[in-house]
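If you're matching positions, the sequence shown starts at 41 in the working numbering and goes up one per residue.
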Amino acid sequence: MLDRFEALLRQVVAGLRLALMVFMILYLATCLLGLGGKLMAYLPQLGAPDFHPVQAILNDALFTLIVLAIVRSLFINDSFRYALTFLEVGFVVLLRKLILLETTPHEVWVLLVLGVISALFFSLILLTHRMRKTITPAQG
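Okay, structure coming up:
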């Protein structure tokens, strides 16, 4: 009886995971289409770039990158890669926050702290990639 219930629960969770994957892929497609639309609208205005449209496009691109990393994490079965993916997501979230912050004198310390933390995240990502490359040949 308990085994049947557990099997049923596993099927429900697998179905919900599949539904989430489909939803996130559709959401990613929507994000990519929105970003493409903004880029196409901005292309005729090339010349002397204005900061605000570029900031909006970069913000949308980083958000799309976050969604892409989350969708990618849904297909990962390796815990090391899963952790690395969320480290990369954290780095992109910090970069996005740095872009959205206004550069006013009273925000300088926040910008500095976020910059240092994002540099640490980037260093951890590079170190993790290096560790992955040195560990993988030894195992094979």
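The C-beta atom is built at its ideal place from N, Cα and C for all residues, glycine as well.
Values in this document were obtained by computation on a predicted structure and should not be read as measured data.
Considering only residues of the same chain and omitting the five flanking positions on each side of residue i, which have a CB-CB separation below 8 Å?
| i | result |
| --- | --- |
| D100 | C71, G74, L75 and K78 |
| R136 | N99, L102, F103 and I106 |
Taking only three categories from DSSP, how would you classify residue i?
| i | result |
| --- | --- |
| V52 | helix |
| M64 | helix |
| L135 | helix |
| D100 | helix |
| D43 | helix |
| I110 | helix |
| I165 | helix |
| F120 | helix |
| T144 | coil |
| I115 | Sequence check: residue 115 is Phe here, not Ile. Three-state DSSP puts F115 in coil, outside helix and strand. |
| K78 | helix |
Could you check the C-alpha separation between residue i and residue j for me, to the nearest Å?
| i | j | result |
| --- | --- | --- |
| K173 | L164 | 14 Å |
| M41 | A47 | 10 Å |
| V148 | L138 | 11 Å |
| H146 | A59 | 45 Å |
Among the residues of its own chain, which have a CB less than 7 Å from the CB of residue i, if the five just before and after it don't count?
| i | result |
| --- | --- |
| Y82 | P93 and I97 |
| V150 | L141 |
| M61 | L114 |
Open item on the list: Three or more C-beta pairs under 8 Å: does that hold for the segment 128 to 145 against the segment 107 to 116?
Closed with: yes
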